[in-house]
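Heads up, the thing below is written out as structure tokens.
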Amino acid sequence: MKNYVFLFLLVFAAVSCQKESIDQMPVENYDASAHVPGKPDKPDKPKDLIVCHYSEEDDSYLILTIPDKALQDHLDHGDVRLDDQDDDGYVPDNECGYGEMGDCDDTNPDLNPETIHYLDSDVDGFGDPENTKKACETPEGYVDNADDCDDHNKLVNPDAEEICDGIDNDCDGAIDEGFDKTTYYYDGDGDGFGVDSADTNIESCASEAPKGYAADPGDCNDDDADAYPGATDLDKDCDPTTCSSPYTYYQDNDGDGFGTSSSIQSCNSQAPEGYAEYDGDCNDGDPTIKPSSTDPDKDCDPNTVAGGGTNSGGGCTNPVTYYYDKDGDGYGNPDISKQACSQPQDYVTNNTDCNDNDSSVHPGATDPAKDCDSSTNPPSDGNGGIIVIL
Numbered sequence: 001m002k003n004y005v006f007l008f009l010l011v012f013a014a015v016s017c018q019k020e021s022i023d024q025m026p027v028e029n030y031d032a033s034a035h036v037p038g039k040p041d042k043p044d045k046p047k048d049l050i051v052c053h054y055s056e057e058d059d060s061y062l063i064l065t066i067p068d069k070a071l072q073d074h075l076d077h078g079d080v081r082l083d084d085q086d087d088d089g090y091v092p093d094n095e096c097g098y099g100e101m102g103d104c105d106d107t108n109p110d111l112n113p114e115t116i117h118y119l120d121s122d123v124d125g126f127g128d129p130e131n132t133k134k135a136c137e138t139p140e141g142y143v144d145n146a147d148d149c150d151d152h153n154k155l156v157n158p159d160a161e162e163i164c165d166g167i168d169n170d171c172d173g174a175i176d177e178g179f180d181k182t183t184y185y186y187d188g189d190g191d192g193f194g195v196d197s198a199d200t201n202i203e204s205c206a207s208e209a210p211k212g213y214a215a216d217p218g219d220c221n222d223d224d225a226d227a228y229p230g231a232t233d234l235d236k237d238c239d240p241t242t243c244s245s246p247y248t249y250y251q252d253n254d255g256d257g258f259g260t261s262s263s264i265q266s267c268n269s270q271a272p273e274g275y276a277e278y279d280g281d282c283n284d285g286d287p288t289i290k291p292s293s294t295d296p297d298k299d300c301d302p303n304t305v306a307g308g309g310t311n312s313g314g315g316c317t318n319p320v321t322y323y324y325d326k327d328g329d330g331y332g333n334p335d336i337s338k339q340a341c342s343q344p345q346d347y348v349t350n351n352t353d354c355n356d357n358d359s360s361v362h363p364g365a366t367d368p369a370k371d372c373d374s375s376t377n378p379p380s381d382g383n384g385g386i387i388v389i390l
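Throughout the sequence shown, residue numbering follows UniProt numbering, covering 1 to 390 in sequence.
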């Protein structure tokens, strides 16, 4: 009898302890549907599924609603599941004609007939965002990304390494980032000077200007190769400032101090390299042949012969000394002379010109600054400079 009483008390105590533990749960954590220890959970209600079923008896397709547990048997039978598993609005192709068909993977919402694929012309794994096609399965030659910035160059894509070549190799929107670049200017006439224009300037990592470009800007006429900054021709040196009395210089290829008829004008009082103050050279390839030569055969005057005679008059006993008159003012240069029986062209008999580059400067000029009389006013070179006569 005592044993039964003890067992009863033990069971009562256990039940009381369990009830007390549930009743004492904090209100904010209490859930009436919470699992109670010792009591099995209520199983979820089976989900009904839709399939397209082929009936051999009727030789027809039927739409059936089946329990979840029967799905595998139906799939093994060849039935098609129709309940849009990925909720993308499309179901697989089916003979029942049910729903929006064309879903090639009803477990992936990113794959359906409206999925966009991108042409990969250069087969680098990256697609052209401007050339697309809609399809559930990826068409041949297409990829599922639009990350290529040049689909005609397989070396240009997001995985490529950026190099300094003037293009965006890695498709990050920047060109030649991380490289030191030089600005080059379009040089249409090939004279070594370009035009500074935002429309034609280029940035390059090359140490030399590419073909058709120059490292120096400032060309004032990019259609004329003779016009550029520093040109020896005064009218083509791209310098808007001019001088009142420019000097004329003649092309002198042999460096004998006499040039040909090809000339330029300059504000510089010194002849540029390759030019001379005087013209009249009859052979610009031989420095011994020039108007000032003492050799009658090389003085560029066909009328003079040895001894001061003339080849048409049979010779003369008293040849005359003539002086070169470059500026045509009637006064000759004392440093350039020749003897002849008759007066050569551009020569005079006097040698009193102190500036044979300026016809307004000569003895007897009305302007005291130009009369070659150093005792009154030093003669001018015509550009504000002073001629010093030693």
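Beta carbons: idealized from backbone N, C-alpha and C, even for Gly.
{"query": "Given residue 217, which residues of its chain have a CB within under 8 Å of its CB, disregarding the five upstream and five downstream residues?", "result": "185, 193, 194, 195 and 196"}
{"query": "In the DSSP output, which residue or residues are listed as bridge partners for residue 465?", "result": "Nothing about residue 465 can be read from this structure; the chain reaches only from 1 to 390."}
{"query": "Given residue 371, which residues of its chain have a CB within under 7 Å of its CB, disregarding the five upstream and five downstream residues?", "result": "363, 364 and 365"}
{"query": "Spell out the partners DSSP gives residue 339 in its beta bridges.", "result": "321"}
{"query": "Pull up the distance between the alpha-carbon of residue 49 and that of residue 104, whole angstroms please.", "result": "19 Å"}
{"query": "Determine which residues share a DSSP beta bridge with residue 82 and list them.", "result": "Paired residue(s): none; residue 82 is not in a bridge."}
{"query": "Beta strand (DSSP E) containing residue 53: first to last residue?", "result": "48-55"}
{"query": "Taking all protein chains shown into account, do 16 or more other C-beta atoms lie within 10 angstroms of the C-beta of residue 332, making it buried, or fewer, making it exposed?", "result": "buried"}
{"query": "Is the beta carbon of residue 125 sitting closer than 9 Å to the one on residue 143?", "result": "yes"}
{"query": "Do you know offhand how far residue 325's Cα is from residue 230's?", "result": "30 Å"}
{"query": "Given residue 263, which residues of its chain have a CB within under 6 Å of its CB, disregarding the five upstream and five downstream residues?", "result": "248 and 250"}
{"query": "Smallest Cα separation from residue 113: which of 138, 329 and 123?", "result": "138"}
{"query": "Please confirm if the region 174-188 is in contact with the region 139-158, defined as three or more CB-CB distances below 8 Å between the two stretches.", "result": "no"}
{"query": "What does the alpha-carbon distance come out to for the pair residue 277 and residue 222?", "result": "29 Å"}
{"query": "Can you tell me which residues form a DSSP beta bridge with residue 266?", "result": "247"}
{"query": "My output table needs one value for residue 326: the three-state DSSP class, helix, strand or coil.", "result": "coil"}
{"query": "Taking the alpha carbon of residue 256 as the reference point, which residue from 285, 329 and 116 has its own alpha carbon closest?", "result": "285"}
{"query": "Go to residue 234, then tell me how far its beta strand (DSSP E) extends in each direction, as first and last residue.", "result": "Per DSSP, residue 234 belongs to no beta strand (DSSP E) and is neither H nor E."}
{"query": "Output needed for residue 128: all residues of its chain with C-beta closer than 6 Å, excluding positions within five of it in sequence on either side, in chain order.", "result": "118, 119, 148 and 151"}
{"query": "So, with DSSP's three-state summary, where would you put residue 117?", "result": "strand"}
{"query": "Can you give me the Cβ contacts of residue 61 inside the same chain, cut-off strictly under 8 Å, excluding the 5 residues immediately before and after it?", "result": "52, 53, 54, 55, 94, 95 and 96"}
{"query": "Check the C-beta distance from residue 411 over to residue 329 and give it rounded, since I have them as a contact under 8 Å.", "result": "The structure shown has nothing for residue 411, since the chain only spans 1 to 390."}
{"query": "Can you give me the C-alpha to C-alpha distance between residue 320 and residue 190, rounded to a whole angstrom?", "result": "51 Å"}
{"query": "Between the alpha carbons of residue 86 and residue 201, how many angstroms are there, rounded?", "result": "55 Å"}
{"query": "Taking the straight line between their C-alpha atoms, what separation do you get for residue 297 and residue 337?", "result": "15 Å"}
{"query": "Specify, as a first and last residue, the run of the alpha helix (DSSP H) that residue 62 falls within.", "result": "Element bounds for residue 62: not the alpha helix (DSSP H) but the beta strand (DSSP E), 60-67."}
{"query": "Just curious, the beta strand (DSSP E) that residue 352 is in, first and last residue?", "result": "Looking at the DSSP string, residue 352 is not in any beta strand (DSSP E), and its letter there is neither H nor E."}
{"query": "Quick one, which of 173, 302, 356 and 290 has its alpha-carbon nearest residue 340's?", "result": "302"}
{"query": "State the start and end residues of the unbroken beta strand (DSSP E) segment that holds residue 370.", "result": "Careful: residue 370 lies outside any beta strand (DSSP E) and carries neither H nor E."}
{"query": "Shortest alpha-carbon distance to residue 347 belongs to which of 367, 295, 291 and 283?", "result": "291"}
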